[in-house]
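Peer 1:
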């Protein structure tokens, strides 16, 4: 799975390093500026993202993920109203693993500002209210914007591994940032999606350069951020084994292992027993094993075609690229195919565990975001090949991409 391009890049000298740095910055800098200009820094804030904010602030100011200042929100009557906080053996904690929160916690160590705010629920059958500390949201806006922009910068570098020109690689990163919900969701509030996208993009770039141990460490970081996303790294591991590259597979697994062990140890410390699901409990496990094929297929279809949150509705250029992939998949490097299949496996699992909409209070879709990063290289290659075929494909790609950018810009601002 190590091709001549990857080998030459792995041995690149200073000038090559500066070139890669410039390409990364051509994507990162404008996207970072744009994302920061529209990121949410005041209330209302989505309860999923707010949960990560509370955890990041608490770790940064106390050194512990136990949310003592939010103990009231762990009561059953408040679950899923203002945040997803649950009781544990240690005290009230986030339902989510701490990976995303850990990225923002250092900023709250030096920027601990918070103020008590009266929150009134607008999504409960009865009006409920509670006063809790709300941290300054600018630190998490910075982290959400930075991780999302960096993910797309790394995607541009990965596109180079396909033999794309610098201009095409930069275009890949910019389109990924402007024409998808990376802008309106991942960079807008402190979801897990921005950090997920960053770790996926970093792992993918390191993998294609043959840095399997470090790639595994990046994918392992996903275990303590959103465990199912590790499937993307697992798909690359399966490819290595299929190619009988056992040494690289072992290095990849060795890199992933600390992240998985950290997740199990964290859940054991917090809940008394090691588990992958952690504070989610058995709820998601039961969803994963239930057999309702019609309902599941309907949920999958909604993820792509629902008029409110369908991927192909609000980023129709992706649908065109998928069609282009079908016509030239045999020309795609195996690593790009494996990454795309891992991303698809993650999305299909996510749609088994959750409703396709991912909730409300944000613009368009969110679950496909990690998949879009994992499939980015193969979609970029398909776009390049489709562009060469003639005027009709070019017009279709330009038109659908322009539409996608416009609707996401309108939603972001």
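Numbering (the working numbering), first residue to last: 40 to 452. Even for Gly, the Cβ is constructed at its ideal location relative to N, Cα and C. Quick caveat, the model's predicted, so the values are computed rather than measured.
Determine the DSSP secondary structure at residue 260, reduced to helix, strand or coil.
Peer 2: Three-state DSSP puts residue 260 in a helix.
Peer 1: Tell me, please, which residues DSSP counts as bridged to residue 170.
Peer 2: Bridge partners of residue 170: 157.
Peer 1: Can you look up residue 55 in the DSSP assignment and give me helix, strand or coil?
Peer 2: Residue state, collapsed to three classes: helix.
Peer 1: I think residue 169 touches residue 111, with their Cβ atoms under 8 Å apart; what is that distance to the nearest whole Å?
Peer 2: Contact flag correct, Cβ pair sits at about 6 Å.
Peer 1: With DSSP as the reference, label residue 190 as helix, strand or coil.
Peer 2: Helix at residue 190.
Peer 1: Please report the straight-line C-alpha distance between residue 208 and residue 115, rounded to a whole angstrom.
Peer 2: For residue 208 and residue 115, the distance between alpha carbons rounds to 49 Å.
Peer 1: For residue 98, which beta-bridge partners are listed by DSSP?
Peer 2: Looking at the DSSP assignment, residue 98 forms no beta bridge with any residue, so it has no partner.
Peer 1: To the nearest angstrom, report how far apart residue 205 and residue 62 are at their CA atoms.
Peer 2: Computed Cα separation, rounded: 7 Å.
Peer 1: Of all the options 344, 388, 337 and 79, which has the alpha carbon lying nearest to the alpha carbon of residue 400?
Peer 2: Cα-wise, what sits closest to residue 400 is 79.
Peer 1: For residue 314, which residues from the same chain have a beta carbon less than 6 Å from its beta carbon, with the 5 sequence-adjacent residues on both sides left out?
Peer 2: Only 306 meet the Cβ criterion.
Peer 1: Return the bridge partner residues of residue 118 from the DSSP annotation.
Peer 2: According to DSSP, residue 118 bridges with 122.
Peer 1: Pull the bridge partners of residue 352 from the DSSP assignment, please.
Peer 2: Answer by DSSP bridge pairing: none, since residue 352 is not bridged.
Peer 1: What alpha helix (DSSP H) runs, 4 residues minimum, are completely inside the stretch 347–417?
Peer 2: Entirely contained in the stretch 347–417, the alpha helix (DSSP H) runs reaching 4 residues are, in chain order, 350–353, 355–367, 373–392 and 408–413.
Peer 1: Using only the alpha-carbon positions, how far apart do residue 275 and residue 290 sit?
Peer 2: Cα to Cα, the separation comes out at about 12 Å.
Peer 1: Let me check one thing: in DSSP terms, what residues is residue 132 bridge-paired to?
Peer 2: DSSP, once it has assigned bridges, lists 125 as partnering residue 132.
Peer 1: If you count every other CB in all the chains shown that lies within 10 Å of the CB of residue 325, and 16 or more means buried, which is it?
Peer 2: Exposed.
Peer 1: Return helix, strand or coil for residue 177, following the three-state DSSP convention.
Peer 2: Helix at residue 177.
Peer 1: Out of 245, 262 and 261, which has the shortest C-alpha to C-alpha gap to residue 254?
Peer 2: That would be 245, whose Cα lies nearest to the Cα of residue 254.
Peer 1: In the structure shown, what three-state DSSP assignment does residue 207 receive?
Peer 2: Residue 207: helix per DSSP, three-state reduction.
Peer 1: Below 6 Å CB to CB, which residues in the same chain sit around residue 152 once its five sequence neighbours on both sides are set aside?
Peer 2: Cβ neighbours of residue 152 beyond the five flanking positions: 175.
Peer 1: In chain order, what residues of the same chain have a beta carbon less than 6 Å from the beta carbon of residue 231, not counting five sequence neighbours either side?
Peer 2: Correct list, in chain order: 139, 264 and 265.
Peer 1: Express the C-alpha separation of residue 215 and residue 441 in angstroms, rounding to a whole number.
Peer 2: C-alpha separation (whole angstroms): 12 Å.
Peer 1: Taking the Cβ atom as the reference point for each residue, do residue 148 and residue 107 lie within a distance shorter than 7 Å?
Peer 2: It is not a contact, given that the beta carbons lie outside the stated cut-off.
Peer 1: Examine the Cβ distances between the stretch 403–419 and the stretch 281–288 and report whether three or more of them are shorter than 8 Å.
Peer 2: Because the criterion of three Cβ pairs below 8 Å is not met, the stretch 403–419 and the stretch 281–288 do not touch.
Peer 1: By how many angstroms is the C-alpha of residue 443 removed from the C-alpha of residue 355?
Peer 2: One C-alpha to the other measures close to 7 Å.
Peer 1: Under a three-way DSSP split, which group does residue 447 fall into?
Peer 2: In this structure, residue 447 counts as helix in the three-state DSSP scheme.
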